[in-house]
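Undergrad: Handing you a structure now.
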Amino acid sequence: MRILSGFSTLVLLSTGMGKSLCYQLPAYLYAQRSKCITLVISPLVSLMDDQLDLHELRRHIYADTVDYYTIKKLIQEVFPACKCKQIQQKQQELWKDVEDSELLEVMDVCDGRVRCYDGPRQLRKITKICPPVAVALARRRMAGEQVERFNEVEFDVVEVADTMGWQLPVVKRGLRQLQWSTDRGGGRSGVLVEFSSLSFHFRSYGDLSDEEMDRVCHFLHSRVQDQERTQLFQLTACFKAFKSVAFQSVMSCMDGLEESRSLQLKKL
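Here the sequence shown stands for residues -22 to -1, 1 to 246, numbered as in mature numbering (1 follows the signal peptide of the UniProt record, and there is no 0).
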């Protein structure tokens, strides 16, 4: 309580008595209120290095790790159980439904905008050569909007591709081609196509068994652990390299720059 209250306190503790509470916690609390200095005098330098420095290094690899529970939840979303057996009764229809729903498409939102500088007439002309734009306008018309005066249309490219049953790369490639004229002269067509957010998609087989799901989870988790070990090894190597050329105290480097240590660090 004296330490937390801000009083000068002399504490003598043996190993294992919780010295971290005596200097880390007060230093953190005081730093929130005002500038302060926490001085720790301890003969256990190697023990402090092991407990503090390496612990600090491990904190920096958290951004490169994913826990097993999160991986399992991801796998369950990517590989959902096939519900076709509960829906279809006939064997022929069931088999067709299995073929259709074995593949799950996971896509991020990708908004696209098609803008025609020549006005609504050019946009109507585009609908005859680009089915995705025609579908987007049809959806807006069904929603009660007056699309006859539109000179631009913004829509969810992924949703339109899924509605048409087209592959997403094919739809995006067709939209980009609208920016170029197909006439003999070539050049720009006066149509601007913009994607506000890029997307990705992949196909995955569903209806996996519990054993297969576990194998996928273990595989991904092992990759995460390998990445953790790699990052920790790199951080530890950097820590040892800097420590090997560091001065024992600030008084040793106040007189001038020692180029030998700098060259030694560059060789490392």
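Note that CB positions come from ideal geometry on N, CA and C, so glycine has one too.
(1) Can you list, in chain order, the stretches of the beta strand (DSSP E) that have 3 or more residues and sit fully within the segment 125 to 180?
(2) Between residue 91 and the rest of its own chain, which residues show a CB-CB distance below 6 Å, the 5 nearest in sequence each way excluded?
(3) Nearest CA to the CA of residue 242: which residue from 227, 226, 222?
(4) Which residues share a DSSP beta bridge with residue 111?
(5) Along the alpha helix (DSSP H) that carries residue 195, what are the first and last residues, could you check?
(6) Measuring alpha carbon to alpha carbon, tell me which of 165, 122, 170 ends up nearest residue 154.
(7) Please tell me whether residue 53 and residue 194 are closer than 7 Å, where the distance is taken between their beta carbons.
(8) Using CA atoms only, rank isn't needed, just tell me which of 198, 215, 120 is closest to residue 48.
(9) Over the uninterrupted beta strand (DSSP E) stretch that includes residue 92, give me the two end residues.
(10) Please report how far the alpha carbon of residue 136 lies from the alpha carbon of residue 239, in whole angstroms.
(11) Quick test of your reading: residue 159 and residue 166, contact by CB under 8 Å. State the CB separation rounded to the nearest angstrom.
(12) Within 10 Å of its beta-carbon, does residue 220 have 16 or more other beta-carbons around it, so buried, or fewer, so exposed?
(13) Smallest Cα separation from residue 58: which of 130, 208, 186, 205?
(14) To which residues of the same chain is residue 125 closer than 8 Å at the C-beta, ignoring the five residues directly before and after it?
(15) Which value, in whole angstroms, describes the spacing of the CA atoms of residue 45 and residue 88?
(16) Please report the straight-line C-alpha distance between residue 156 and residue 190, rounded to a whole angstrom.
(17) Assign residue 240 to one of three DSSP states: helix, strand, or coil.
(18) What's the gap between the Cα of residue 84 and the Cα of residue 196?
(19) Shortest alpha-carbon distance to residue 129 belongs to which of 104, 227, 110, 142?
(20) What span of residues does the alpha helix (DSSP H) with residue 56 cover, start to end?
TA: In short:
(1) You should have 130 to 134, 169 to 173.
(2) In the sequence shown, counting from the first residue as 1, residue 91 sits at position 113. For residue 91, where only same-chain residues beyond five positions count, the Cβ hits under 6 Å are 132, 172.
(3) As a first step, residue 242 must be located in the sequence shown, where it is residue number 264. The shortest CA-to-CA distance from residue 242 to any of 227, 226, 222 is the one to 222.
(4) Position 133 of the sequence shown, counting from 1, holds the residue named residue 111. For residue 111, which the question treats as bridged, DSSP gives no partner whatsoever.
(5) Counting from one through the sequence shown, the residue named residue 195 turns up at place 217. In the DSSP annotation of this structure, the continuous segment of the alpha helix (DSSP H) that includes residue 195 starts and ends at 188 to 223.
(6) Indexing the sequence shown from 1 puts residue 154 at position 176. That would be 170, whose Cα lies nearest to the Cα of residue 154.
(7) Residue numbering aside, residue 53 sits at position 75 when the sequence shown is read from its first letter. Residue numbering aside, residue 194 sits at position 216 when the sequence shown is read from its first letter. Yes, they are a contact pair.
(8) Mapped onto the sequence shown, residue 48 falls at position 70. Closest by alpha carbon: 198.
(9) Here the question's residue 92 lines up with position 114 in the sequence shown. Following the DSSP letters along the chain, one finds residue 92 inside the beta strand (DSSP E) bounded by residues 89 to 94.
(10) If you number the sequence shown from 1, residue 136 lands on position 158. If you number the sequence shown from 1, residue 239 lands on position 261. Taking the straight line from one Cα to the other gives about 57 Å.
(11) By one-based count along the sequence shown, residue 159 stands at place 181. By one-based count along the sequence shown, residue 166 stands at place 188. Right, the Cβ-Cβ distance comes to about 7 Å (below 8 Å), so this counts as a contact.
(12) Taking the first residue of the sequence shown as position 1, residue 220 is located at position 242. With fewer than 16 Cβ atoms within 10 Å of its Cβ, residue 220 is classed as exposed.
(13) Looking up residue 58 in the sequence shown gives position 80. That would be 186, whose Cα lies nearest to the Cα of residue 58.
(14) Translated into positions along the sequence shown, residue 125 becomes position 147. When the five nearest sequence neighbours on each side are left out, the beta carbons in the same chain lying within less than 8 Å of the beta carbon of residue 125 are those of 115, 118, 119, 131, in order along the chain.
(15) Taking the sequence shown and counting its residues from 1, the one referred to as residue 45 is at position 67. Taking the sequence shown and counting its residues from 1, the one referred to as residue 88 is at position 110. One C-alpha to the other measures close to 29 Å.
(16) Taking the first residue of the sequence shown as position 1, residue 156 is located at position 178. Taking the first residue of the sequence shown as position 1, residue 190 is located at position 212. About 44 Å.
(17) Position 262 of the sequence shown, counted from the start, is the residue given in the question as residue 240. Note: residue 240 maps to helix in three-state DSSP.
(18) By one-based count along the sequence shown, residue 84 stands at place 106. By one-based count along the sequence shown, residue 196 stands at place 218. Any reading at residue 84 needs caution, since the residue's pLDDT is 43, under 50, leaving its predicted position unreliable; the model's value is listed next. In this model, residue 84 and residue 196 are separated by some 22 Å (Cα to Cα).
(19) Locating residue 129 in the sequence shown gives position 151, counting from the first residue. Of 104, 227, 110, 142, the residue nearest in Cα terms is 104.
(20) Position 78 of the sequence shown, counting from 1, holds the residue named residue 56. Under the DSSP assignment, residue 56 falls in the alpha helix (DSSP H) whose first and last residues are 46 to 56.
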